[in-house]
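First the structure, in the form of structure tokens, and then the observations on it.
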Amino acid sequence: MMEPLLDVEDLWVRFPTRQGVFDAVRGVSFTLGRERLGIVGESGSGKSMTGRAILRLIRPPGMVEAKQISLGGVNLMDKTEKEMRAVRGQRISMVMQDPKFSLNPVMTIGDQIIEAYRQHNRASKADAYAKALEMLEAVSIRDPDRVMRAYPHEMSGGMGQRIMIAMMLIPNPEILIADEPTSALDVSVQRQVLDIMDKLVKDRGMGLIFISHDLNLVADFCDRVLIMYAGRIVEICEADKLSEAKHPYTRGLLNSLPRLDAPRDHLEVLQRDPAWSEAPSVSGRL
Amino acid sequence: MTMLEIDALNVWFGHGRDRVDAVKAASFSVARGESFGLVGESGSGKSTILRAVAGLARNWSGRMAVDGAALTAKRPRSFYKTVQMVFQDPYASLHPRHSVDQVLGETLHLHGFADIDARVVKLLEDVGLGQKFRFRYPHQLSGGQRQRVAIARALAPEPDLLLLDEPTSALDVSVQAEILNLLVDLRRDRGLTYVMVSHDLSVVGHMCERLAVMKDGQIVEVMGVEALRRNAATHPYSRSLLEASL
Chain A
78 MMEPLLDVED LWVRFPTRQG VFDAVRGVSF TLGRERLGIV GESGSGKSMT GRAILRLIRP
138 PGMVEAKQIS LGGVNLMDKT EKEMRAVRGQ RISMVMQDPK FSLNPVMTIG DQIIEAYRQH
198 NRASKADAYA KALEMLEAVS IRDPDRVMRA YPHEMSGGMG QRIMIAMMLI PNPEILIADE
258 PTSALDVSVQ RQVLDIMDKL VKDRGMGLIF ISHDLNLVAD FCDRVLIMYA GRIVEICEAD
318 KLSEAKHPYT RGLLNSLPRL DAPRDHLEVL QRDPAWSEAP SVSGRL
Chain B
26 MTMLEIDALN VWFGHGRDRV DAVKAASFSV ARGESFGLVG ESGSGKSTIL RAVAGLARNW
86 SGRMAVDGAA LTAKRPRSFY KTVQMVFQDP YASLHPRHSV DQVLGETLHL HGFADIDARV
146 VKLLEDVGLG QKFRFRYPHQ LSGGQRQRVA IARALAPEPD LLLLDEPTSA LDVSVQAEIL
206 NLLVDLRRDR GLTYVMVSHD LSVVGHMCER LAVMKDGQIV EVMGVEALRR NAATHPYSRS
266 LLEASL
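Taken in sequence, the protein lines are chains A and B.
Under this note's numbering, the first residue of the first sequence is numbered 78, with each subsequent residue one higher.
Under this note's numbering, the first residue of the second sequence is numbered 26, with each subsequent residue one higher.
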């Protein structure tokens with residue numbers, strides 16, 4: 078077993094509210110190797126918060142606590158805000174859900190990619206431009222010269238998402254956290270974006286954390302899946318064995334999906350058991 | 026008996042050089058009590074057809090008829106007693122400063138009902154919400170509960186035809202199952218006709234008897250759900266759409 082890229086142990090995310098402290102993530106542990114790790118759950122299950130907490134992107138008054146979040150043996154929890162900046166983007170990158178909200182609407186795409194590149198690397202504008210072009214090509218954008226001059230509103234959703242991925246990949250990070258990267262996209266475009274991410278993960282040996290609410294997509298795309306419920310991991314399984322999942326919550330989610338091959342009058346409705354949120358988190362550490 | 030008939034419908038936005046033809050020569054008909062699906066990628070014009078029927082897209086040509094009566098530019102009040110629409114995003118389609126009671130009460134008042142109080146209670150029962158939600162505001166409801174309120178509002182004038190524009194795409198799968206079950210029950214109990222837009226073929230396969238596949242504003246294929254299940258689409262585009270979603 079090789080050294081994991083990322084080791085998260087006993088991660089908590091807390092938000093103080095008027096009604097007391099709300100725990101969004103409650104004692105989650107997992108490791109990430111050079112693999113595609115899926116995190117699935119419903120809205121409010123804490124999956125996005127887990128992704129953000131790794132990069133310490135939770136804003137105060139939100140609090141992140143963990144025994145360790147270690148990246149290559151160094152605990153990110155001990156780093157100062159300034160040191161974290163060298164980690165974000167450089168070593169761990171994040172792709173957000175909707176490209177419309179993560180690209181700057183008043184800057185051309187070229188300028189944005191070049192800015193991102195020069196933030197992390199000493200490079201002349203010409204070098205940065207060449208690098209940006211190369212990246213756009215890597216995410217199969219046709220006519221990258223034109224795209225460099227274009228503004229985000231001229232791009233379709235799928236193009237925007239690919240540009241975001243290109244931008245995240247320039248510093249050659251070890252880990253990519255993708256938070257619902259394809260939820261805003263059509264099924265046909267979804268495939269393309271996933272194929273690109275898949276190829277990059279394989280070619281560069283990156284670790285990928287893929288956050289999604291879509292069970293089938295995750296089962297199809299990832300190697301290992303963590304299923305989250307109410308801030309805890311309730312089950313971990315190999316992605317190709319997701320259909321044999323044991324936890325009643327995972328089973329319930331799978332059964333509530335309409336299926337073309339098995340028509341029925343009524344879909345199964347998930348019956349929630351309070352015991353699920355009480356049970357301690359399952360550890361995803363290898 | 027035909028509930029909705031669409032014949033050579035064109036819908037466009039803008040004019041001159043900026044004109045975009047969102048729907049081109051679309052034709053289909055939906056029988057009374059049937060459930061009909063419209064599928065396609067974003068931008069294929071599926072929602073635009075619904076909006077044209079509901080009177081929300083002004084520039085259209087061709088023929089549309091509901092329950093045998095041809096639609097004109099200005100819709101009479103009786104039209105909105107027959108046709109109602111449920112929108113995609115329950116977070117956006119409810120007034121944030123109106124309580125559930127106001128939302129439903131106003132709709133009932135506008136449609137000239139007298140026994141508003143009793144009807145609000147009945148509507149909330151029908152969509153499985155019950156009394157305790159009556160005086161809540163949208164921000165005090167979950168996504169699924171909001172969509173139930175939006176469905177209750179659409180049911181208030183006792184319509185025959187419901188236009189459903191991606192009613193569950195903003196919801197979690199477990200909540201989606203609840204809403205789809207509710208829609209199935211309502212259709213059976215009230216003999217409603219549905220026209221449902223979705224990008225999710227399995228949802229349409231679950232809900233509808235027939236569906237139309239759209240691409241670039243045109244209907245490329247109309248098929249029965251049996252053909253969809255057997256993977257027997259004939260048009261290459263519908264085949265690729267089917268493959269992508271399996």
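Beta carbons: idealized from backbone N, C-alpha and C, even for Gly.
As the structure is a computational prediction, the values presented were derived from the model and not from experiment.
Item	Value
Residues of the region 172–201 of chain B with a CB closer than 9 Å to any CB of chain A: list them in chain order, please.	196, 197, 198, 199, 200 and 201
What three-state label does DSSP hand residue 346/A in the structure shown?	coil
Measure the C-alpha to C-alpha separation of residue 73/B and residue 269/A and round it to an integer number of angstroms.	26 Å
So, for residue 254/A: in the same chain, excluding its five sequence neighbours on each side, which residues have a beta-carbon less than 6 Å away from its beta-carbon?	128, 171 and 286
Sort 229/A, 92/A, 93/A and 111/A by Cα distance to residue 83/A and report the nearest one.	111/A
Look at the alpha carbon of residue 229/B and the alpha carbon of residue 205/A, and state the distance between them as a whole number of angstroms.	47 Å
Any heavy atom of the ligand COA closer than 7 Å to the CB of residue 118/A?	Ligands displayed in this structure: none; no statement on the ligand COA is therefore possible.
Hey, does residue 209/B have any beta-carbon neighbour from chain A nearer than 8 Å?	yes
Whose C-beta lies closer than 7 Å to the C-beta of residue 231/B among residues of the same chain, with five residues either side of it excluded?	205
Rounded to whole angstroms, what's the CA-CA distance from residue 9/B to residue 32/B? Just pull it up for me.	A question about residue 9/B goes unanswered here, because the residues of chain B that appear run from 26 up to 271.
Compute the distance between the beta-carbons of residue 190/B and residue 113/B, then report whether it is under 8 Å.	yes
I need the boundaries of the beta strand (DSSP E) containing residue 45/B, first residue and last residue.	45–56
Nearest CA to the CA of residue 299/A: which residue from 141/A, 281/A and 318/A?	318/A
Pick helix, strand or coil for residue 284/A, following the three-state DSSP scheme.	strand
With DSSP collapsed to three states, give me the class of residue 160/B.	coil
In whole angstroms, what separates the C-alpha of residue 275/A from that of residue 44/B?	39 Å
Would you mind telling me which residues of chain A sit closer than 7 Å to residue 47/B, beta carbon to beta carbon, in chain order?	Going along chain A, no residue has its Cβ under 7 Å from residue 47/B, so there is no contact; the nearest lies around 16 Å.
Is the CB-CB distance between residue 106/A and residue 306/A below 8 Å?	no
Taking C-beta pairs closer than 9 Å, name the residues in chain A that residue 33/B reaches, listed in chain order.	The premise fails here: residue 33/B is roughly 27 Å from chain A at the closest Cβ pair, so nothing lies under 9 Å.
Between the alpha carbons of residue 78/A and residue 363/A, how many angstroms are there, rounded?	Annotation note: pLDDT 48 at residue 78/A (below 50); position unreliable, no value reported.
Whole angstroms is fine: what's the gap from residue 265/B's alpha carbon to residue 322/A's?	30 Å
Near residue 80/A, what residues of its chain come up, given a Cβ to Cβ distance below 6 Å and the 5 sequence neighbours on each side ignored?	none
Terminal residues of the continuous beta strand (DSSP E) containing residue 306/A?	301–306
Taking its Cβ as the centre, do 16 or more other Cβ atoms sit within 10 Å of residue 224/B, making it buried, or is it exposed?	buried
So residue 230/A contacts chain B; which residues on that side make the cut at Cβ distance below 8 Å?	Those do not exist, as residue 230/A stays about 15 Å from chain B at its closest Cβ, beyond 8 Å.
Report the neighbours of residue 264/A on chain B: residues whose CB is nearer than 9 Å to its CB, in chain order.	66, 224, 225, 226, 266, 269 and 270
Compare the C-beta of residue 330/A against all C-beta atoms of chain B and say whether one is closer than 8 Å.	yes
Chain B beta carbons: is any one of them nearer than 8 Å to that of residue 271/A?	no
Taking just the CA atoms, how far does residue 107/B sit from residue 67/B?	28 Å
Quick one: which chain B residues come within Cβ less than 8 Å of residue 342/A?	209
Can you check whether the C-beta of residue 334/A is within less than 8 Å of a C-beta belonging to chain B?	yes
For the beta strand (DSSP E) holding residue 365/A, just list the boundary residues, first then last.	Residue 365/A lies beyond the residue range present for chain A, which begins at 78 and ends at 363; the question has no answer from this structure.
Can you pull the chain A residues whose beta carbon is under 8 Å from the beta carbon of residue 150/B, in chain order?	Within 8 Å Cβ-Cβ: nothing; residue 150/B doesn't reach chain A, min ~18 Å.
Leaving out five residues on either side along the sequence, give the residues of the same chain with a beta carbon under 6 Å from the beta carbon of residue 268/B.	none
Give a yes or no on whether 8 Å exceeds the smallest Cβ distance from residue 205/B to chain A.	yes
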